[in-house]
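Residue numbers (my numbering), protein chains in the order written: chain A, 1 to 115; chain B, 116 to 234.
A quick write-up on the structure given underneath.
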Amino acid sequence: KAGVTQTPRYLIKTRGQQVTLSCSPISGHRSVSWYQQTPGQGLQFLFEYFSETQRNKGNFPGRFSGRQFSNSRSEMNVSTLELGDSALYLCASSLPQAGGANIQYFGAGTRLSVL
Amino acid sequence: AQKITQTQPGMFVQEKEAVTLDCTYDTSDPSYGLFWYKQPSSGEMIFLIYQGSYDQQNATEGRYSLNFQKARKSANLVISASQLGDSAMYFCAMREGKWAQGGSEKLVFGKGTKLTVNP
């Protein structure tokens, strides 16, 4: 069974540009969450999607947005990039079930560098 | 607000010895889940072990066990018989609420502990 796939693995952008990151969840998983990891702030929750609906959102500016498609694949977009957006962006998928452990499985991440 | 504290920035252990990584948490929700993840230098977060707040027994998964002390709000990870490949960052995380009751999949992470296994 294939794991969570994130593309691209590495990105270099300049300030002011925008970027789109992609995440393909484990087959059958319907929930996708995104996290940002930086040395200073650690791992921070960005958003969570289930059945194409944003279920929860972290404390990030509106420049950060996301969506989920009918096949559960998800994309996140960052517009008007800032130097501080340089980070490892991790996507996780799960199969939420009532009473279940609902383990989130992570992809290898996209490492974004903003110059 | 939920909070996870990992007080050990770095830990060293000799190969084949056991090591305990500390994690304390804070939540007012009676229903929560506690997770441990391993992050090698490659960046991928690897799930290790899960403990539910209502679980009576401590969780175990191979060489990993979770020492769950609910009254103390601690969920320490014990790795037995350490291997060189165990060298990595280890993160404790918590999720509050129940999915079926509108709960979120959101995980709150601690700052992590860097484990180094020496030969």
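For every residue, glycine included, the Cβ atom is placed at its ideal position computed from N, Cα and C.
- C-alpha of Leu21 of chain A to C-alpha of Asn77 of chain A: approximately 6 Å in a straight line.
- Between Glu220 of chain B and chain A, the shortest Cβ-Cβ separation is below 8 Å.
- Taking 8 Å as the upper bound on Cβ-Cβ separation, chain A lies near residues Ser157, Gly158, Glu159, Met160, Ile161, Phe162, Tyr165 and Gly167 of the stretch 156-175 of chain B.
- A buried status is given to Lys153 of chain B, since no fewer than 16 other beta-carbon atoms sit within 10 Å of its beta-carbon.
- If you look at Met126 of chain B, you'll find it in the beta strand (DSSP E) that goes Gly125 to Gln129.
- According to DSSP, Leu230 of chain B shares a beta bridge with B:Met126 and B:Ala203.
- By the neighbour-count definition (other C-beta atoms within 10 Å, threshold 16), Glu132 of chain B is an exposed residue.
- Residues of the stretch 82-99 of chain A with a Cβ closer than 8 Å to any Cβ of chain B, in chain order: Leu88, Leu90, Ala92, Ser94, Pro96, Gln97, Ala98 and Gly99.
- With a contact defined as Cβ atoms closer than 8 Å, Ser202 of chain B and Thr231 of chain B qualify at about 5 Å.
- In the DSSP assignment, Tyr10 of chain A falls within the beta strand (DSSP E) that extends over Tyr10 to Lys13.
- For Gln166 of chain B, the enclosing beta strand (DSSP E) begins and ends at Ile161 to Gly167.
- Between Val4 of chain A and Tyr49 of chain A, the alpha-carbon positions lie close to 15 Å from each other.
- Contact with chain A is absent for Phe183 of chain B, since none of that chain's Cβ atoms lies less than 8 Å from the residue's Cβ.
- Here the alpha carbons of Gln198 of chain B and Phe183 of chain B stand approximately 23 Å from one another.
- Contact between Ile103 of chain A and Phe162 of chain B holds, with the beta-carbon distance rounding to 6 Å and staying under 8 Å.
- Nearest neighbour of Ser79 of chain A by Cα position, chosen from A:Arg9, A:Thr53, A:Lys13 and A:Pro8, turns out to be A:Lys13.
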